[in-house]
Structure formats: structure tokens, C-alpha cells
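Q: Take this structure, written in C-alpha cells, and hold onto it; I'll ask about it next.
Protein chains: 2
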Amino acid sequence: MTPYRTLESRFTRIGTLGEAAAMLQWDAATLMPAGSAPARAEQMATLKVISHEILNQDDTGDLLAAADAQNDLDRWQRANLREMRRDWLHATAVPPDLITALTKACSACEMVWRKARPQNDWQAVQPYLQKVLDLVREVGAAKAARLGKTPYESLLDEFEPGGSTVEIDRLFDDLAGMLPGLIEGAIAHQRAPLPLQGPFPVATQRAVGAELMKRLGFDFEHGRLDVSLHPFCGGTPDDVRITTRYDEDDFTGALMGVLHETGHAMYERGLPAAWRRQPVGDARGMSVHESQSLLVEMQACRSREFLEFAAPLLREAFHGKGPAWEADNLYRLYTRVERSFIRVDADEVTYPAHVILRYRLEKAMVAGELKLDDLPAAWNAGMRELIGIAPPTDREGCLQDIHWYDGAWGYFPTYTLGAMTAAQLFAAAIRANAAILPGIAKGEFAPLFAWLRAHVHGKGSLLTTRELLTEATGSPLDARIYEEHLRRRYLSA
Amino acid sequence: MTPYRTLESRFTRIGTLGEAAAMLQWDAATLMPAGSAPARAEQMATLKVISHEILNQDDTGDLLAAADAQNDLDRWQRANLREMRRDWLHATAVPPDLITALTKACSACEMVWRKARPQNDWQAVQPYLQKVLDLVREVGAAKAARLGKTPYESLLDEFEPGGSTVEIDRLFDDLAGMLPGLIEGAIAHQRAPLPLQGPFPVATQRAVGAELMKRLGFDFEHGRLDVSLHPFCGGTPDDVRITTRYDEDDFTGALMGVLHETGHAMYERGLPAAWRRQPVGDARGMSVHESQSLLVEMQACRSREFLEFAAPLLREAFHGKGPAWEADNLYRLYTRVERSFIRVDADEVTYPAHVILRYRLEKAMVAGELKLDDLPAAWNAGMRELIGIAPPTDREGCLQDIHWYDGAWGYFPTYTLGAMTAAQLFAAAIRANAAILPGIAKGEFAPLFAWLRAHVHGKGSLLTTRELLTEATGSPLDARIYEEHLRRRYLSA
């Protein structure tokens with residue numbers, strides 16, 4: 088076997104173990120009885136350790152170098168090799184003791200946070216978060232030495248391969264400059280929606296969600312829709328499992344949640360089957376992944392076109408009557424803008440402001456420029472600057488998100504990078520194929536997904552994120568396209 | 088680390104991978120969309136290969152020998168070592184090429200069998216079964232050389248550790264001698280039951296099943312009840328998952344099926360937690376496992392005592408009225424005896440005859456004493472001898488069971504060994520604690536399971552099957568106790 092083939096066969100095994108772990112993870116989040124959690128944690132840890140051992144064998148570095156020197160590799164194999172090296176660098180950059188210490192610190196911190204948040208007790212969790220932050224900074228430094236990036240970029244790279252803070256700063260500063268005005272304008276411009284009267288039975292909500300999933304092209308022969316506390320898209324490309332949660336008093340959240348997760352699912356399902364279980368066959372990164380969910384949710388399904396199609400379907404399913412069930416009112420409901428404290432409840436316009444705040448704060452904390460003592464005040468100042476309101480308590484402020492307490496530093500920017508990418512891809516798609524928008528207005532998504540398969544899904548990790556977007560849309564990420572989308576939807580319609 | 092500890096840590100990993108595989112297996116049988124089957128097969132195969140690699144390292148034999156020589160091992164550790172060696176012998180006795188050839192032959196044969204059975208086409212599947220049988224005989228010979236047993240016993244040993252054909256022949260011949268008379272007597276003696284009028288909604292059946300599971304002591308914090316085509320007990324001791332299938336026209340099958348699987352589940356859940364993921368912590372073997380399901384189903388829950396308790400509960404749940412819903416009629420339904428061709432539909436009295444037939448035939452085929460050409464005729468002759476009827480077609484004869492076509496040779500006798508073991512354990516239990524039978528009559532199973540935990544479940548694989556039974560009941564397996572049970576229930580009540 089050539090060095091490349093040897094690596095490929097090892098990564099096949101790693102990828103297959105990853106699939107097994109993904110199914111166990113899905114089960115843990117949906118069906119698993121509570122008492123089984125410790126045993127499940129052991130199972131997950133064992134799969135992870137074995138994968139790490141395979142990746143981190145003594146000869147991996149030599150094999151990567153020898154494979155690099157092979158002159159018989161095609162374009163996909165070269166890209167696969169690049170991604171293998173990236174996985175290996177991340178896996179081996181940090182001493183095992185440090186990983187263990189961070190895992191323990193995160194676990195302890197998250198446990199304290201789960202109590203501290205409802206009790207609004209920042210003081211209680213601060214020392215635990217300090218421990219996490221100290222270790223995260225150590226991890227960042229260790230990865231920086233290996234990857235040749237800054238510590239923050241090294242953390243970011245795990246979620247957003249090749250992510251650059253110079254570029255993100257530029258994009259986010261641009262956006263931050265126009266957001267306060269846009270928020271104000273949108274609030275002034277919008278018309279109040281009429282409320283929809285429930286209750287809305289869960290079985291009906293599920294049936295409507297599944298029906299729309301099918302129209303989007305979700306293949307129930309290769310996936311499922313279930314319920315979990317926190318909705319997610321899990322499983323594997325051959326068995327994509329999305330979840331939602333239902334509220335009998337309001338179907339709009341679960342419905343749009345299902346469409347959002349279906350966007351993720353279509354990406355997973357569309358990844359190149361020929362490269363299954365190889366790094367190059369994986370999704371490109373978190374911003375591209377989020378772009379696929381937001382493209383479906385924000386670009387396609389919160390559009391007037393889609394809601395014109397969906398309105399009669401919803402009326403019929405829920406036996407709705409009157410003007411509240413007209414497409415125009417659904418559009419008002421689904422594009423409502425409001426200044427609020429909680430990111431996960433935020434609308435399309437205020438959401439990026441929440442993300443920019445967190446990005447700026449976490450970058451400063453990793454750089455050692457912002458101390459935890461000053462975090463609550465910095466949070467509130469940032470909220471005032473970006474959204475125009477400050478939370479009355481830390482519970483609605485710096486205690487609200489699990490990410491930092493759980494060790495996910497460098498993740499936040501991918502949400503808004505994803506939203507911007509979604510707008511740019513959607514603009515390119517409807518420019519490339521005039522049938523896409525009229526299709527959406529009839530509930531026909533085949534033209535849209537044909538374009539996405541060709542330009543995004545089927546590419547896996549062949550290209551860098553920047554190359555992918557440039558090839559698909561003609562330019563790298565451009566904040567103006569996203570701004571145009573927001574202006575068009577919220578200021579002019 | 089001592090040699091023993093090194094082995095223990097390797098077996099922990101193997102055991103944990105086995106848990107992961109068990110969960111994936113459960114998922115595949117209950118929820119998995121059909122299109123995901125090939126990917127799931129890859130995941131399962133990878134877990135199996137990795138386990139095999141861990142077990143089959145070059146130094147395993149030396150480590151086992153060195154651990155044997157350690158003088159610091161306690162009783163459980165010694166037994167663990169014995170079971171480790173057994174696993175290793177089985178795993179390494181057969182050349183990998185032969186395993187692969189058998190797996191492929193079974194897969195091909197099973198596929199042909201799935202069509203041949205409904206079409207009653209023995210000729211079509213015979214060459215495929217011949218290939219399987221040839222390879223099974225090769226495996227038997229390879230294992231025989233390693234284990235120092237006969238080929239058939241070597242196959243049997245995988246399901247029934249230490250199983251002896253001399254002993255099984257004696258037990259089964261004994262039973263076979265009295266079965267025709269018992270079947271005839273039971274049929275003459277029984278009173279026809281009144282039919283129960285449905286439909287019986289699935290949700291109600293499920294609720295009643297779950298209610299009875301709880302009364303038996305099933306812990307839903309560590310397990311689930313779901314639906315699958317073929318009911319089974321799967322998962323792990325910390326997450327025991329049983330399944331059933333519902334028929335809206337007849338609840339009696341699903342209900343007793345749930346109780347049967349709960350017997351398996353209580354065994355798994357009661358295995359010694361201190362030895363989790365070690366061979367000595369596993370269930371003792373298939374006959375003991377089957378004894379636990381049959382003890383619950385046949386000994387406890389088809390008794391007059393239990394049905395007196397269950398009758399009002401069932402009447403209330405299904406809104407039943409009249410004499411058909413009296414305990415006496417339920418007892419008649421649940422102890423109905425009938426000569427029939429299909430094993431899986433057979434009652435408690437004719438079932439052993441089906442099993443004895445298969446055992447005799449498979450033993451003769453493995454020994455080369457019975458050719459496949461002669462199988463259909465031998466089957467029909469055996470049916471006539473043991474049950475008094477012969478099937479009109481092979482579909483109701485030698486084509487009915489998946490076992491041989493799928494490569495499970497040496498499995499059949501464990502069903503009836505389990506039934507005999509169940510009778511013997513139950514007799515000892517009610518002798519040891521006078522509160523057990525009155526408990527069952529009130530739906531209180533704690534006394535019964537306290538005895539089973541102490542004498543069976545909590546022992547894991549500490550003892551051999553023979554030792555286990557002798558310690559628990561005072562004697563090794565004794566066909567007369569089982570016969571007495573059958574006579575008492577079917578000839579005298």
C-alpha cells in the first residue's frame with residue numbers, strides 16, 4: 088500500500104467510528120433513559136480514544152510527508168491529504184494531560200453554570216469559568232505553536248478551518264456599523280402581526296413538518312425526524328436525523344426549526360458519497376454548515392414566496408380561518424424584529440449583533456485583553472452599543488449561553504459568517520437559475536438543491552471555505568450582499 | 088500492570104465496544120431507516136474487527152498464561168480469566184479466511200432463503216445451505232481442534248459454554264419419550280377457551296405491558312420498551328431495551344411477549360455491576376438467559392396465580408366484560424395445547440418437541456450422518472414421531488426457521504434447556520421462599536427477583552452453568568422437574 092492508501096484506510100476506520108459515535112450521540116439526546124448516561128459516556132469516550140490512537144500513531148507524520156511526495160494523487164486525494172494533516176495537527180498539538188484537564192474543567196464549570204444561570208449568580212461560576220479560560224488559553228497557545236496561527240485563530244480553526252480574524256473583524260465591523268440603524272429602521276417599518284390562535288396539536292405539527300421536509304427533498308429512507316430538548320441535526324450522511332421540540336400554543340417555532348435543521352440535513356445527505364468517511368468527504372466547516380440551514384430557513388422559507396405557498400397548507404392542517412392565516416400575516420410573524428436580550432430567541436436582524444458582541448468579547452478574553460472581572464460590564468456596554476438595550480441581570484447577559492462554560496471558544500462567529508454566506512449563496516443561486524424562486528413559491532425545491540449540490544454539498548471539503556464561496560458566487564465573503572438582503576427584507580418590502 | 092490487569096483493561100475496551108455495538112443493533116432493529124443499512128453494517132463490522140484485533144494480539148496467549156500463574160487472584164478474577172480464555176480460544180480457533188467465507192455464505196444463503204421459504208422451494212436454497220453446512224463443519228473441526236471437544240459441541244459452546252451432547256441427549260431422550268403421551272393427554276384434558284373480542288388499541292396494549300413491566304421491577308430509568316418486527320431484548324445492562332409487536336385483534340401474544348422479554352431484561356439488569364464489561368460479568372449463556380425469560384413467562388405469568396391478578400387489570404384496560412375475561416378463561420387461553428407445524432407459534436408442551444427434532448437433525452448434519460438431500464424426509468419423520476403430524480410442505484417444515492440458513496448451528500437446544508432450567512429454578516425459588524407464589528398472585532415480584540438476583544443474575548459468569556444450577560437448586564439439570572411442571576399444569580389442573 089502507498090502511504091496515501093495507508094492513511095486512507097486509517098481514516099476510513101476513524102470515520103466509521105465517528106459514525107457510530109454520532110448515532111450514540113443522537114440516541115443520548117432523544118431516547119436514552121437518564122440512568123444510562125454514565126455508561127453512554129464510557130462508550131463515547133472509548134470510541135474517541137480509539138480514534139485518537141489511530142490518528143496519533145508514531146508514523147502518521149512520516150506517512151503524511153511520504154504521501155505528500157507521491158506524484159500519483161488527484162485533486163480530491165490532495166485535498167484529502169490536506170484535511171488529514173489538519174486533523175492530525177489538531178489532535179496532536181495539545182498534550183493529553185491538558186486535554187484531560189480542560190475536559191474536567193468544562194464539565195465542572197458547566198455543572199455550576201446550570202445552577203448559576205437560573206439563580207443569576209455570576210460570582211458562583213466566575214472561578215470555574217476562569218479555570219476553563221486559563222486552560223483554553225493554554226490550548227490556544229499550544230495549537231498556535233503547531234498551526235502557525237494566533238491562539239484565537241487556532242481555536243476558531245477547529246470549527247472554521249482557515250478562519251481569519253482580520254477578515255472576520257472587517258466583515259463584522261462593517262456589519263456592526265450598519266446594524267443599529269437597520270434595527271431601528273426595521274422596527275419603525277414593520278407592521279404588527281395578528282396572533283394565531285392555538286392550540287396546535289403536536290401530531291399535526293409533526294405531520295406538517297414532515298410534509299415540508301419531503302417537499303424540500305429530505306429522504307426519509309435515509310433519515311428521521313424526532314424530538315429533543317435542544318433541536319439539532321445529527322446522525323450520519325446515510326442516516327441524517329433531525330430533531331425539534333413542539334409547543335402546542337405556537338407552531339411557528341417548531342416549524343421553522345424543522346426547516347432550519349432540514350437545511351443542515353440536506354447538506355449532510357448531499358456530501359460526496361465517493362468520499363464517505365474520509366476527511367475530504369466531510370462538511371466544509373461550521374459557517375458553511377450554518378449557511379445551509381440559514382439558506383433554507385432565512386433565505387428560502389421566511390420569504391414571501393414560500394409563505395404564499397405554505398399559508399393554505401397551514402390553514403388546512405390547523406383548521407385556521409381569517410386574516411391571521413393569510414400569507415402576509417405569516418410573513419409579518421416570521422420577519423418580526425425586536426430588541427431583546429437572549430440570542431437564541433433573537434430575530435434575523437438582531438441576531439448578528441448578539442454574535443458580534445460574543446465574538447469581540449471571546450477574542451479579547453483569549454488574547455488576555457479582557458478579564459473575567461470586567462466581562463459583565465463589557466457585555467452590557469456591548470449590548471447597548473450594538474442593540475441599544477442592556478440586560479437587567481447577568482442571567483439575560485453573560486450567563487445566557489452554554490458555549491464558554493462548556494469550552495466552545497471560537498464557535499460564535501460561525502453563526503453570522505453562516506448567515507452572510509447563506510445570503511451570498513442564495514443570491515448567486517437565484518441569479519444562476521431563474522427557476523429557483525418560482526419553484527420555492529410552489530413548494531418545489533429541486534432547482535435550488537440541484538444548484539446547492541453542484542456548488543456546495545457535493546464539494547465536501549475539496550476546497551477551502553474561501554475557494555468554495557468564490558467558485559460558487561464569484562467572490563469571497565462580502566458583507567454587502569448580506570446587508571442588501573436585510574435592507575430589502577426589512578426596510579423596503 | 089500485572090498480566091491480569093493488562094487483560095482486564097483490554098477486555099474493558101472490548102466490552103465497551105460491545106455495548107456500543109449493542110445500541111447500534113437495537114437502533115437497526117427498531118428505528119433505523121432502511122436506506123441506512125449498508126452504512127450501519129460497516130459501523131458494526133468496524134467495531135467487531137477492532138474488538139477482534141484487541142483480543143487477538145500476539146501476546147494474549149502469553150498474558151493468559153502469566154495471569155494464570157499469578158497467585159494474587161480472587162475467585163471472581165480466576166473465573167474472569169477462565170472466560171477470557173474461552174473468548175480468546177473461540178476468536179482465534181478459526182482462520183480469518185474461513186470466517187469471511189462463512190459470513191458471505193450465510194449472507195447469500197439467507198437472502199435466497201427469504202424468497203425460497205414463501206415459495207416453498209427447498210431445491211432453490213439447498214445448494215446455498217450445503218455451502219453453509221460445509222463451512223460450518225469446517226469451523227466446527229477447527230474449533231474442535233482448539234477446544235478439545237467434538238465439532239458439534241464446539242459450535243454449541245459458543246451459545247452454551249460447556250454444553251455436552253451426552254447430557255443433552257440424555258435429557259432430550261427422556262423428554263422425547265414422554266412428550267407424545269403428554270401432548271395427547273393435554274389435548275384431551277384441556278377445556279376450550281372463549282375468544283376475547285377486540286379490537287385492542289396499541290396504545291392500551293403498550294400501557295398495560297409497561298405497567299406489568301414496572302410491577303416485575305423493570306427500571307425505565309435504565310431501559311425502554313419499543314416496537315420491532317421480531318421481539319427481542321437488546322441494549323446493555325445499564326440500558327436494557329426490549330421490544331414487542333402489537334396485533335390489534337389479539338393482545339395476548341404481545342402481552343406475554345413483553346413479559347418474556349422482561350425476564351431477559353431483568354437478568355441483564357441484575358448482572359454484577361462490579362464486573363461490568365468483563366467476561367465474568369456477562370450473562371452465563373443462552374440456556375440460562377432463556378431460562379430467565381421462560382421463568383417469567385411460563386412459570387410465573389402463565390400460572391393461575393398471576394392470571395388471577397392480571398384478569399381485573401386487563402378487563403379494566405380493555406373494557407372487557409363477561410366470562411371470557413375471567414382468570415379461568417385467560418388461563419385456558421394461555422395454556423392451550425395444539426399440534427402444529429411452526430415452532431415459533433407452538434405452545435409450552437409441543438415446543439420442546441420442535442426443538443428436540445432440530446437438535447437431533449443439526450447434530451447429525453454436523454457429524455456428516457445426515458445429508459441435506461435427506462433433510463426434508465428426516466424432518467417429516469421426526470415430526471410424526473414427536474408431535475404426531477407431518478407438514479404438508481417444506482415451508483411448514485425444514486424451511487421455517489432462519490437459524491441454519493443464517494449460520495446459527497448449535498443454538499436450538501438452548502431453548503429447551505432454558506425451559507427445563509426455568510422449571511428447576513422456579514421450583515427451588517418457591518421452595519426457598521414461601522412468599523414468592525403469594526406475591527405473584529398479588530402482582531408483587533420482589534421476592535422472586537430477590538431470589539433470582541442472589542442465585543442467578545448477580546452471579547454473572549462466575550460459575551459454570553452446571554455449577555450455577557447445582558448451587559441454586561441442589562442438583563444439575565433434571566428433566567423430571569420439568570416434566571412434573573408440565574404434568575401438573577396440563578394433566579391435573
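As you go down the protein sequences, you meet chains A and B in turn. Start counting the first sequence at 88; every next residue gets the next number (the numbering used here). Start counting the second sequence at 88; every next residue gets the next number (the numbering used here). We treat Cβ as the ideally placed atom computed from N, Cα and C, and that holds for glycine.
1. Does B:Asp244 come out as helix, strand or coil in the three-state DSSP assignment?
2. Output, in chain order, the set of chain B residues within a Cβ distance shorter than 7 Å of A:Ala121.
3. Quick check: the stretch 440 to 448 of chain B against the stretch 167 to 175 of chain B, are at least 3 beta-carbon pairs closer than 8 Å?
4. Where does B:Asn416 land, buried or exposed, given buried means 16+ other C-beta within 10 angstroms?
5. Kindly indicate the opening and closing residues of the alpha helix (DSSP H) around A:Cys196.
6. With DSSP run on the structure shown, which of helix, strand or coil describes A:Gly407?
7. Quick one: which residues of the stretch 334 to 359 of chain B get their C-beta closer than 9 Å to a C-beta of chain A? List them in chain order.
8. Would you mind reading off the limits of the alpha helix (DSSP H) that contains B:Arg356?
9. Can you round the beta-carbon distance between B:Tyr333 and B:Val436 to whole angstroms, since I take them to be within the 8 Å contact cut?
10. For B:Pro280 versus B:Arg419, is the C-beta spacing smaller than 7 Å?
11. Taking the alpha-carbon of B:Leu486 as reference, which of B:Lys202, B:Leu176, B:Leu222 has the nearest alpha-carbon?
12. Based on DSSP bridge pairs, tell me the residues matched to A:Gly310.
13. Taking just the CA atoms, how far does B:Gln379 sit from B:Lys546?
14. Provide the residue span of the alpha helix (DSSP H) that contains A:Pro90, from first to last.
15. Run through DSSP, which three-state label would B:Gly475 get?
16. Does chain B have any CB closer than 7 Å to the CB of A:Ile110?
17. Can you tell me the Cα-Cα spacing of A:Ile186 and B:Gly505, whole angstroms?
18. Among residues of its own chain, excluding the 5 on either side of A:His542, which ones have a beta-carbon nearer than 6 Å to its beta-carbon?
19. Do we get a CB-CB distance below 7 Å when we pair A:Glu106 with the residues of chain B?
20. Please list, in chain order, the chain A residues whose beta carbon lies closer than 7 Å to that of B:Leu134.
21. Are the Cβ atoms of B:Leu564 and B:Leu556 separated by less than 7 Å?
22. In this structure, what does DSSP give as the bridge partners for B:Cys485?
23. Distance cutoff 7 Å, beta carbons only. Does A:Thr103 sit that close to anything in chain B?
24. Hey, A:Pro478 and A:Gly484: beta-carbon distance below 7 Å or not?
25. Label B:Gln511 either buried or exposed according to how many other C-beta atoms from any shown protein chain fall within 10 Å of its C-beta, with 16 as the threshold for buried.
26. Give me the DSSP bridge partner(s) of B:Cys320.
27. Please confirm if B:Gly370 has its CB atom under 7 Å from at least one CB of chain A.
28. Output the distance between the C-alpha atoms of B:Arg364 and B:Arg293, rounded to the nearest integer angstrom.
29. Quick one, are the C-beta atoms of A:Pro324 and A:Glu355 less than 7 Å apart?
30. Look at the Cβ atom of A:Ala451, then the Cβ atom of A:Ile474, and state whether they are nearer than 7 Å.
31. Hey, A:Ala341 and A:Thr331: beta-carbon distance below 7 Å or not?
32. With 16 other CB atoms within 10 Å as the buried threshold, where does B:Asn143 fall?
33. I need the straight-line Cα distance from B:Lys529 to B:Gln386, nearest angstrom please.
34. Closer than 8 Å is the cut-off here; do at least three beta carbon pairs connect the stretch 508 to 522 of chain B with the stretch 309 to 324 of chain B?
35. Residues of chain B with a CB under 7 Å from the CB of A:Ile49: which are they?
36. Nearest chain A C-beta to B:Gln130 closer than 7 Å, yes or no?
A: Here's the rundown:
1. Taking the first residue of the second sequence as position 1, residue 244 of chain B is located at position 157. B:Asp244: helix per DSSP, three-state reduction.
2. Here residue 121 of chain A corresponds to residue number 34 of the first sequence, with the count starting at 1. Residues of chain B whose Cβ lies closer than 7 Å to the Cβ of A:Ala121 are, in chain order, Glu308.
3. Contact fails between the stretch 167 to 175 of chain B and the stretch 440 to 448 of chain B, because fewer than three Cβ pairs, one in each stretch, are under 8 Å apart.
4. Your numbering for residue 416 of chain B matches position 329 in the second sequence. With 16 or more Cβ atoms within 10 Å of its Cβ, B:Asn416 is classed as buried.
5. Along the first sequence, one-based indexing puts residue 196 of chain A at 109. Where A:Cys196 is concerned, the enclosing alpha helix (DSSP H) stretches over 183 to 203.
6. Locating residue 407 of chain A in the first sequence gives position 320, where the first residue counts as 1. In the structure shown, the three-state DSSP call for A:Gly407 is coil.
7. Answer in chain order: no residues at all.
8. As a working mapping, residue 356 of chain B is identified with position 269 in the second sequence. Under the DSSP assignment, B:Arg356 falls in the alpha helix (DSSP H) whose first and last residues are 339 to 357.
9. Working through the second sequence from its first residue, we reach residue 333 of chain B at position 246. Working through the second sequence from its first residue, we reach residue 436 of chain B at position 349. With a Cβ gap of about 26 Å, B:Tyr333 and B:Val436 do not count as contacting.
10. Your numbering for residue 280 of chain B matches position 193 in the second sequence. Your numbering for residue 419 of chain B matches position 332 in the second sequence. Taking a C-beta distance under 7 Å as the contact criterion, B:Pro280 and B:Arg419 qualify as a contact pair.
11. Position 399 of the second sequence, counted from the start, is the residue given in the question as residue 486 of chain B. Comparing alpha carbon positions, the residue from B:Lys202, B:Leu176, B:Leu222 closest to B:Leu486 is B:Lys202.
12. Start at 1 with the first residue of the first sequence, and residue 310 of chain A comes out as number 223. DSSP output for A:Gly310 lists A:Val327 as bridge partner(s).
13. For the purposes of this step, residue 546 of chain B is taken as residue 459 along the second sequence, with counting starting at 1. For the purposes of this step, residue 379 of chain B is taken as residue 292 along the second sequence, with counting starting at 1. Rounded to whole angstroms, B:Lys546 to B:Gln379 spans 13 Å at the Cα level.
14. Position 3 of the first sequence holds residue 90 of chain A. It spans 90 to 117 - the alpha helix (DSSP H) in which A:Pro90 sits, taken as one unbroken run.
15. By 1-based counting over the second sequence, the position of residue 475 of chain B is 388. Residue state, collapsed to three classes: coil.
16. Along the first sequence, read from residue 1 onward, the residue named residue 110 of chain A stands at position 23. Contrary to the premise, residue 110 of chain A reads as Met rather than Ile in this sequence. Output row for A:Met110: interface = yes.
17. As a position in the first sequence, residue 186 of chain A is number 99, starting the count at 1. As a position in the second sequence, residue 505 of chain B is number 418, starting the count at 1. If you take the alpha carbons of A:Ile186 and B:Gly505, they lie about 49 Å apart.
18. For the purposes of this step, residue 542 of chain A is taken as the residue at position 455 of the first sequence. Shown here for A:His542: same chain residues with a beta carbon closer than 6 Å to its own, the five before and five after excluded, namely Ala559 in chain order.
19. Walking along the first sequence from the start, residue 106 of chain A turns up at place 19. True, the Cβ-Cβ gap to chain B drops below 7 Å.
20. Residue 134 of chain B sits at position 47 when you count from the first residue of the second sequence. Those are Ala107, listed as they occur along chain A.
21. Position 477 of the second sequence holds residue 564 of chain B. Position 469 of the second sequence holds residue 556 of chain B. Their beta carbons are under 7 Å apart, which means B:Leu564 touches B:Leu556 by this criterion.
22. Looking up residue 485 of chain B in the second sequence gives position 398. According to DSSP, B:Cys485 bridges with nothing at all.
23. Translated into the one-based positions of the first sequence, residue 103 of chain A becomes position 16. So yes, A:Thr103 belongs to the interface.
24. Counting from 1 along the first sequence, the entry for residue 478 of chain A is found at position 391. Counting from 1 along the first sequence, the entry for residue 484 of chain A is found at position 397. For A:Pro478 and A:Gly484, yes; Cβs fall inside 7 Å.
25. Taking the first residue of the second sequence as position 1, residue 511 of chain B is located at position 424. B:Gln511 should be labelled buried.
26. Locating residue 320 of chain B in the second sequence gives position 233, where the first residue counts as 1. Per DSSP, the beta-bridge partners of B:Cys320 are B:Ile329.
27. Looking up residue 370 of chain B in the second sequence gives position 283. The sequence as given places Ala at residue 370 of chain B; Gly does not occur at that position. Chain A contact via Cβ: absent.
28. Residue 364 of chain B sits at position 277 when you count from the first residue of the second sequence. Residue 293 of chain B sits at position 206 when you count from the first residue of the second sequence. Inter-residue distance for B:Arg364 and B:Arg293 is about 32 Å (C-alpha atoms, whole angstroms).
29. For the purposes of this step, residue 324 of chain A is taken as residue 237 along the first sequence, with counting starting at 1. For the purposes of this step, residue 355 of chain A is taken as residue 268 along the first sequence, with counting starting at 1. The beta carbons of A:Pro324 and A:Glu355 sit closer together than 7 Å.
30. As a first step, residue 451 of chain A must be located in the first sequence, where it is residue number 364. As a first step, residue 474 of chain A must be located in the first sequence, where it is residue number 387. Contact flag unset, no.
31. Here residue 341 of chain A refers to the residue found at position 254 when the first sequence is read from its first residue. Here residue 331 of chain A refers to the residue found at position 244 when the first sequence is read from its first residue. A:Thr331 is positioned such that its CB atom lies closer than 7 Å to that of A:Ala341.
32. Within the second sequence, the letter at position 56 stands for residue 143 of chain B. B:Asn143 counts as exposed, since fewer than 16 other beta carbons sit within 10 angstroms of its beta carbon.
33. As a working mapping, residue 529 of chain B is identified with position 442 in the second sequence. As a working mapping, residue 386 of chain B is identified with position 299 in the second sequence. If you take the alpha carbons of B:Lys529 and B:Gln386, they lie about 15 Å apart.
34. Output reads no: the stretch 309 to 324 of chain B does not touch the stretch 508 to 522 of chain B.
35. Coverage of chain A is limited to positions 88 through 580, which leaves residue 49 of chain A absent and any answer about it impossible.
36. Counting from 1 along the second sequence, the entry for residue 130 of chain B is found at position 43. For B:Gln130, the closest Cβ of chain A is nearer than 7 Å.
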